[in-house]
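Visitor:
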Amino acid sequence: MPSQRVKIVEGGKLVIPAAFRREMGIAPGDTVVVELDAGELRVRSLSSAIRQVQARMRELNPEGRLLSDELIADKRAEAARE
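Residue 9 is where the sequence shown starts when you use my numbering, and the numbers rise one by one after that.
1. Could you tell me which of G47, G72, R73, V42 sits nearest to I58, measuring between CA atoms?
2. Determine the DSSP secondary structure at V61, reduced to helix, strand or coil.
3. Pick from P70, V17, G20, Q12: whose alpha carbon is nearest that of F28?
4. Is I34 buried or exposed, if buried means 16 or more other CB atoms sit within 10 Å of its CB?
5. By the three-class DSSP mapping on this structure, what secondary structure does S53 have?
6. Put Q45 into one of helix, strand or coil per three-state DSSP.
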């Protein structure tokens, strides 16, 4: 999607063009994730940010292990040693 010029209005509000909002699947009242990266402002839908984190976690845990089960087992073993 081509870039567009927008203005910052009073109170520091940025109006996201309607076509961008539709493409992102966001609507008034939705929560978005805003990041500053190398002088650039990134705006992502919350669902997009969650999907990205989930994908990263799958990369870090490719076997699909339940890390919570491992933590519980570690805590039980530690308690048994005490």
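Glycine included, every Cβ here is placed at the ideal spot set by N, Cα and C.
Guide: A quick look at the data gives this:
1. The sequence position of residue 58 within the sequence shown is 50, counting from 1. Closest by alpha carbon: V42.
2. Taking the first residue of the sequence shown as 1, we reach residue 61 at position 53. DSSP places V61 in helix when its eight states are reduced to three.
3. To locate residue 28, count along the sequence shown from 1; it is residue 20. Cα-wise, what sits closest to F28 is Q12.
4. The residue given as residue 34 occupies position 26 in the sequence shown. By the 10 Å Cβ count, I34 comes out buried.
5. For the purposes of this step, residue 53 is taken as the residue at position 45 of the sequence shown. DSSP places S53 in strand when its eight states are reduced to three.
6. For the purposes of this step, residue 45 is identified with residue 37 of the sequence shown, where counting begins at 1. Checking the sequence shown, residue 45 turns out to be Asp, not Gln. If DSSP states are grouped into helix, strand and coil, D45 belongs with the strands.
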